[in-house]
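Line by line, the protein sequences are chains A and B.
The first sequence begins at 1 in the numbering used here and counts up one residue at a time.
The second sequence begins at 1001 in the numbering used here and counts up one residue at a time.
Where is the CB? At the ideal position from N, CA and C, for every residue including glycine.
Note that the structure is predicted; figures quoted are calculated from it, not measured.
See below for the structure under consideration.
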Amino acid sequence: MEVQKEAQRIMTLSVWKMYHSRMQRGGLRLHRSLQLSLVMRSARELYLSAKVEAQEPEVPLPPARSPDPYLHPPREAEAAAEAAPSDGEQPSPEPMDTQEAPRAEETPARCAQRPAKVSRKRRSCSLSDGGDAALVPSKKARLEEEEEEERASSDVLDRLQPPPAQAEGAFPNLARVLQRRFSGLLNCSPAAPPTATPACEAKPACRPPDNMLNVLVRAVVAF
Amino acid sequence: MFLKFSLRSVFYGAGGGNDIQWCFSQVKGAVDDDVAEDIISTVEFNHSGELLATGDKGGRVVIFQQEQENKIQSHSRGEYNVYSTFQSHEPEFDYLKSLEIEEKINKIRWLPQKNAAQFLLSTNDKTIKLWKISERDKRPEGYNLKEEDGRYRDPTTVTTLRVPVFRPMDLMVEASPRRIFANAHTYHINSISINSDYETYLSADDLRINLWHLEITDRSFNIVDIKPANMEELTEVITAAEFHPNSCNTFVYSSSKGTIRLCDMRASALCDRHSKLFEEPEDPSNRSFFSEIISSISDVKFSHSGRYMMTRDYLSVKIWDLNMENRPVETYQVHEYLRSKLCSLYENDCIFDKFECCWNGSDSVVMTGSYNNFFRMFDRNTKRDITLEASRENNKPRTVLKPRKVCASGKRKKDEISVDSLDFNKKILHTAWHPKENIIAVATTNNLYIFQDKVN
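So, in structure tokens, the structure goes:
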């Protein structure tokens, strides 16, 4: 718990430092930004591993379900949607565990869902289009799934970061942007679906490992 | 005692860090530390050691010159007095990116002297300038058409003609920018280094290294480019670069991951593939949350001989033999007691401080700075080290500096200072060692201290 709190504190501090570095004379320093994002990544890994350790004795998850959700995407797609309202605990250990795992089996559908949710701001890429072709379902159905995911992600998010209200004071927009990306990262896999790749060059969901770092570098680069 | 004395006089200028006693000589700068523009950002002796240049955050360069007369006196070497002051860089604005370009001088490098004038390169984040510093101690007098004060004479009053003659005048030192090397760096310049051919030099920013010719300002060659195709895959940046002191085809650059790459410009035009990679495997017992960022190398310096190079990371100084890539030959801990304080140092941003390091003239001692205005010297031969403090308290000339000691934990002995009492706002990032003598220049935030060894 202490470790988790400390990691959370470091993450918040790093975000603040990143924001503050924008204000510096001379502009954003690439080296400094890189170092801050490295610390943030380490803090996140520490936080997540501490979380797993804390949860392991409490929640004996069925092996079929929890450890490799990204290797069994179709089942997971429903499972997550179903599980989210009932067991909000589940999604959180997964991203960390499978962070390094190969994600070649990732389907376009699964991938399309998440970026559509994550990429409100910058990712106007056609991933949604490409992925949607597979999904198609009606907009209504997609919305429902999105809502499930939203609930799941917000559960996890609350545990992961101080609630928005706390972060509002100094830099509300940045905090919200990073929260969205955080939630996206937790729920999505970084694999690049073959069909969707050509359509879009920059997608936060379909990244090699270290997507946290990449997103933060992206955030940094954007600034 | 007698033996020590005679050793000192025999090995003048080559003494170890602990065999010699360091004395206060001078301090330059204001007594109060409030002015941000006066923060010293670089210190460099020229090749003879007669001139000492400093650059500051306000874009100014101040050059000190050693007085020659006092060399005759046995009790001390010449003092350094202000020789020239000029504004090297001004703040600029990049309109495309809406960014201000700081005027802070990041590095100064001297060119070897070829004629009466002195030349140096100074750089800020984006632009490098070649400055000529020349003396004028006579001026022409006796113009036919001009009065002595410059006013033009009425030509009709001129009845005789004369040839103007040079007459002595008060020494005037002029600095003029001879070349401006601009618009070649997208990222912030961290290093410049003059080639041993004295015709070319390199400039390095976070992702690229460019090669320039001193005479040509409108183009430069890119010799290293580590920018990834997708910036989100960025994992390391270039932190320092230097040409080999003797081989004009060889240079090294250090990275934020703690590696050093040696490149040979004869191998290919773009030196993206290194000839040698110097990297020490990480000690797993030292692995911590902040391991990655404290392994970033902040400075790399070749020894004068060219056989070794020294790197400085946050907690240590490492000496590498160019013939051995897998580990350094020597490692010196600068302030290991800070390893347990990394979290606090991250909070107060001190963990990002970029310390420099330097060799003495004979490559037997290395020096680097620390906090609380402490600086450290490591004698490579005797393996002894010493910690000294740059403080106005030891203000009298020829006062011998007392070695300082930091108590890491446990009972603090008398005269020791505990880690928690260290002042992290007082940091020594820049130091320089005279190329031939035991004279060192140590920069605190906005004061420059000059120390010499005790000469009897």
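Notebook entry, point to check: Hey, would you say residue 1051 of chain B sits closer than 7 Å to residue 1040 of chain B, going by beta carbons?
Noted result: no
Item checked: Closer than 7 Å at the beta carbon, the chain A residues around residue 1237 of chain B -> Result: 30, 31 and 34.
Notebook entry, point to check: Considering residue 1343 of chain B, what are the terminal residues of the alpha helix (DSSP H) in which it resides?
Noted result: Following the DSSP letters along the chain, one finds residue 1343 of chain B inside the alpha helix (DSSP H) bounded by residues 1342-1347.
Check: Does DSSP put residue 1213 of chain B in a helix, a strand or coil?
Finding: strand
Note to self: Please report the distance separating the alpha-carbon of residue 1413 of chain B from that of residue 30 of chain A.
What the structure shows: As the crow flies, the alpha-carbon of residue 1413 of chain B is around 43 Å from that of residue 30 of chain A.
Next item on the list: Measure from the alpha carbon of residue 1355 of chain B to the alpha carbon of each residue in B:1098, B:1298 and B:1395, then state which is nearest.
Entry: B:1298
Margin query: I believe residue 11 of chain A touches residue 32 of chain A by the beta-carbon criterion, under 8 Å. Please report the beta-carbon distance rounded to the nearest angstrom.
Written below: Rounded, the Cβ-Cβ distance is 17 Å, inconsistent with contact.
Checklist line | First through last residue of the beta strand (DSSP E) which encompasses residue 1065 of chain B | finding: 1060-1066
Margin query: Just checking: is the beta-carbon of residue 4 of chain A within a distance shorter than 7 Å of some beta-carbon in chain B?
Written below: no
Check: What does residue 1131 of chain B pair with, by DSSP beta-bridge criteria?
Finding: B:1120 and B:1177
Note to self: What residue range does the alpha helix (DSSP H) around residue 1294 of chain B cover?
What the structure shows: First-last of the alpha helix (DSSP H) with residue 1294 of chain B: 1291-1294.
Margin query: Considering only heavy atoms of the ligand GDP, does any lie closer than 6 Å to the CB of residue 1408 of chain B?
Written below: What this structure holds is no ligand at all, so the ligand GDP is not there to describe.
Note to self: Quick check on residue 1205 of chain B: does DSSP put it in helix, strand or coil?
What the structure shows: coil
Note to self: Among the candidates B:1077, B:1113, B:1237 and B:1436, whose CA atom is the shortest distance from the CA of residue 1361 of chain B?
What the structure shows: B:1436
Next item on the list: Please list the partners that residue 1187 of chain B has in chain A, where partner means a Cβ-to-Cβ separation under 7 Å.
Entry: 30
Checklist line | Cut-off 6 Å between Cβ atoms - residues of its own chain near residue 1058 of chain B, not counting five sequence neighbours on either side | finding: 1037
Checklist line | Length-filtered (4 minimum) alpha helix (DSSP H) runs lying within the segment 1236-1276 of chain B | finding: Within the segment 1236-1276 of chain B, no alpha helix (DSSP H) run of at least 4 residues lies entirely inside it.
Margin query: Considering Cα atoms alone, identify which of B:1421, B:1263 and B:1319 is closest to residue 1408 of chain B.
Written below: B:1421
Check: Could you check where the beta strand (DSSP E) with residue 1282 of chain B kicks off and where it finishes?
Finding: Note, residue 1282 of chain B: premise wrong, no beta strand (DSSP E); not H, not E.
Check: What residues from chain A crowd round residue 1282 of chain B, counting only those whose CB sits closer than 7 Å?
Finding: Under the 7 Å cutoff, chain A gives no residues; its nearest Cβ is about 14 Å from residue 1282 of chain B.
Check: For residue 1090 of chain B, which residues from the same chain have a beta carbon less than 7 Å from its beta carbon, with the 5 sequence-adjacent residues on both sides left out?
Finding: 1059 and 1103
Next item on the list: Compare the Cα-Cα distances from residue 1150 of chain B to each of B:1156, B:1141, B:1047 and B:1157 and report the closest residue.
Entry: B:1141
Check: alpha helix (DSSP H) containing residue 30 of chain A: first to last residue?
Finding: 30-55
Notebook entry, point to check: Helix, strand or coil: which one does DSSP assign to residue 1408 of chain B?
Noted result: coil
Next item on the list: Note down the Cα distance separating residue 1432 of chain B from residue 1046 of chain B, rounded to an integer number of angstroms.
Entry: 10 Å
Check: Taking just the CA atoms, how far does residue 1166 of chain B sit from residue 1145 of chain B?
Finding: The alpha-carbon atoms of residue 1145 of chain B and residue 1166 of chain B are separated by roughly 16 Å.
Note to self: With the cut-off set at 7 Å, would you say residue 21 of chain A and residue 40 of chain A are in Cβ contact?
What the structure shows: no
Check: How big is the Cα-Cα spacing for residue 1389 of chain B and residue 1349 of chain B?
Finding: 22 Å
Margin query: Quick check: the Cα distance between residue 1229 of chain B and residue 1207 of chain B, rounded to an integer number of angstroms?
Written below: 12 Å
Check: In or out: residue 1340 of chain B buried (at least 16 other Cβ within 10 Å) or exposed?
Finding: exposed
Next item on the list: Starting from the C-beta of residue 1176 of chain B, find all residues in its chain whose C-beta is less than 6 Å away, skip the five residues before and the five after it, and write them out in chain order.
Entry: Sequence-distant Cβ neighbours of residue 1176 of chain B in its own chain, meaning closer than 6 Å and more than five residues away, are 1132.
Next item on the list: Please classify residue 1032 of chain B: is it buried, with 16 or more other beta-carbons within 10 angstroms of its beta-carbon, or exposed?
Entry: exposed
Check: Measuring CA to CA, which of B:1197, B:1148 and B:1242 is closest to residue 1191 of chain B?
Finding: B:1242
Check: With 7 Å set as the bound, which would you pick, yes or no: does the beta-carbon of residue 25 of chain A sit closer than that to a beta-carbon of chain B?
Finding: It does; some Cβ of chain B falls within 7 Å.
Check: When we look at the beta-carbon of residue 1025 of chain B and count the other beta-carbons within 10 Å, is it buried (16 or more) or exposed?
Finding: buried
Check: Just how far apart, CA to CA, sit residue 1168 of chain B and residue 1198 of chain B?
Finding: 33 Å
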